[in-house]
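According to the working numbering, the stretch in the sequence shown is residues 35 to 264, in order.
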Amino acid sequence: MLTDNVAEVERRIEAACSRAGRSRDSVRLIAVSKTKPVSDIEEVMGTGIRDFGENKVQELNDKYDALPKDLRWHMIGHLQRNKVKFLPGKTVLIHSVDSLKLAQEIDKDFAKHGLTAQILIEVNVAREESKFGTTAEELTELVKEISLLEHVHINGLMTIAPDTDDPEQNRVYFRKLRELSVDIRSKNIDNVDMYELSMGMTGDYEVAIEEGATLIRVGTGIFGKRTYNI
Ligand SMILES: *Cc1c(COP(=O)(O)O)cnc(C)c1O
35 MLTDNVAEVE RRIEAACSRA GRSRDSVRLI AVSKTKPVSD IEEVMGTGIR
85 DFGENKVQEL NDKYDALPKD LRWHMIGHLQ RNKVKFLPGK TVLIHSVDSL
135 KLAQEIDKDF AKHGLTAQIL IEVNVAREES KFGTTAEELT ELVKEISLLE
185 HVHINGLMTI APDTDDPEQN RVYFRKLREL SVDIRSKNID NVDMYELSMG
235 MTGDYEVAIE EGATLIRVGT GIFGKRTYNI
């Protein structure tokens, strides 16, 4: 039962918060529903969860149309510029912005609807070849450039840590992301906030919470294994 999975994840979140001396309210659980049917999402909604994550624009749109409008959809996957136009009004937060060109496209498409996009900057902290994201070195410059766009607002940073059996190995990357956000905050750049840290997935969200995550993205731990992997 998905309800039992949610209860287990919730128990672990609370334990991690208490170990870290944080309040449960300081961490938001995003249920990553990619590849999963609407009926599964409805079951998870029954537990009170309203934040859902998708990594494909088309799938996010289909589910947006099919489900109640009080859900908060998070775009967490790599985003192609020609797909951005389908997002205004549908997503509360785009987690995966890693280039000025993509941010400019978002700015243009959200402006057309009179909206401002809330975004995070994705950082490839672990420098994995296979992953998207800007580098720690390029981050400040990218944040400064994006901050000038009128219809885009940076809320913080996001990272996808390496796939590992030992979540402790990812602690350094989560800590690094938090250090980067503290560093950027100290620069007091106009139109930039740094209160969100989107980090931690099924295998490592407890460590991420201990290192300051404010948004965790849990798929498998709630919905079970995906039939195809993305
Ligand atoms: C799929 C996905 C997740 C969830 O992964 P699980 O290991 O199933 O929890 C989190 N973040 C991103 C960016 C994803 O694509």
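Built from N, CA and C at the ideal position, the CB exists for glycine as well. Just so we're clear, the structure is a prediction, and the values are computed from it rather than from any experiment.
Enumerate in chain order the residues of its own chain whose CB-to-CB distance from S232 is below 6 Å, with the five nearest sequence positions on each side excluded.
Same-chain partners within the cutoff: H129, L154, M192 and L249.
What distance in whole Å lies between the Cβ atoms of L214 and L173, which are believed to be in contact at a cut-off of 8 Å?
Indeed, because the Cβ distance is near 6 Å, the residues count as touching under 8 Å.
Can you tell me the Cβ-Cβ gap for H108 and F144, rounded? I've got them flagged as a contact below 8 Å.
Not really, about 16 Å apart at Cβ, beyond 8 Å.
So is M35 buried or exposed if we call it buried at 16+ other beta carbons inside 10 Å?
By the 10 Å Cβ count, M35 comes out exposed.
Locate the alpha helix (DSSP H) running through Q92, then write down its first and last residues.
Note, Q92: alpha helix (DSSP H), V91 to A100.
Go ahead and pull the three-state DSSP assignment for Q138.
Correct three-state label for Q138: helix.
Roughly how many whole angstroms lie between the Cα atoms of E76 and N116?
Straight-line Cα distance between these residues: approximately 30 Å.
For H187, list the residues DSSP reports as bridge partners.
Note: H187 sits in a beta bridge opposite Q152.
Quick one: Cα of T150 to Cα of K142, how far?
The straight-line gap from Cα to Cα measures roughly 10 Å.
What did DSSP end up calling A170 once you bin it into helix, strand or coil?
Helix at A170.
Which class does V66 belong to by DSSP, given the choice of helix, strand or coil?
Looking at V66 - three-state DSSP - the assignment turns out to be strand.
Identify whether D224 lies in helix, strand or coil by the three-state DSSP scheme.
Three-state result, D224: coil.
Enumerated in chain order, which unbroken segments of the beta strand (DSSP E) with a length of 3 residues or greater are wholly contained in the stretch 186 to 215?
Listed in chain order, the complete beta strand (DSSP E) runs (minimum 3 residues) inside the stretch 186 to 215 are 186 to 192.
First and last residue of the alpha helix (DSSP H) that includes S73?
Looking at the DSSP string, the run of the alpha helix (DSSP H) that includes S73 is V72 to M79.
Run through the DSSP bridge pairs and tell me what G87 is partnered with.
V66 and H108, per the DSSP bridge assignment.
Any idea what DSSP makes of V61, helix, strand or coil?
Coil, per DSSP.
Applying the criterion that 16 or more other CB atoms from any shown protein chain within 10 Å of the CB defines a buried residue, is Y229 buried or exposed?
The residue in question, Y229, is exposed, as its Cβ has fewer than 16 Cβ neighbours within 10 Å.
Of all the options Q92, V126, F120 and L121, which has the alpha carbon lying nearest to the alpha carbon of R106?
Ranking the options by Cα distance to R106, first place goes to V126.
Does the Cβ of M235 lie closer than 7 Å to at least one heavy atom of ligand 1?
Yes - ligand 1 has a heavy atom lying nearer than 7 Å to the Cβ of M235.
Name, in chain order, the residues that DSSP records as bridge partners for V252.
The partner list for V252 (beta bridge, DSSP) reads A65.
For ligand 1, I want to know if I66 counts as a neighbour, meaning its beta carbon is within less than 7 Å of at least one of the ligand's heavy atoms.
One point to set straight first is that residue 66 is Val, not Ile, in the sequence displayed. Yes, the Cβ of V66 comes within 7 Å of a heavy atom of ligand 1.
With a cut-off of 8 Å, does the C-beta of Q114 fall near any C-beta of chain C?
Within the model displayed, chain C is absent; a lone protein chain is all it includes.
G167: beta carbon under 7 Å from a heavy atom of ligand 1?
No, Cβ of G167 sits at least 7 Å from all heavy atoms of ligand 1.
The alpha helix (DSSP H) with L36 in it runs from where to where?
Unbroken alpha helix (DSSP H) run through L36: L36 to R53.
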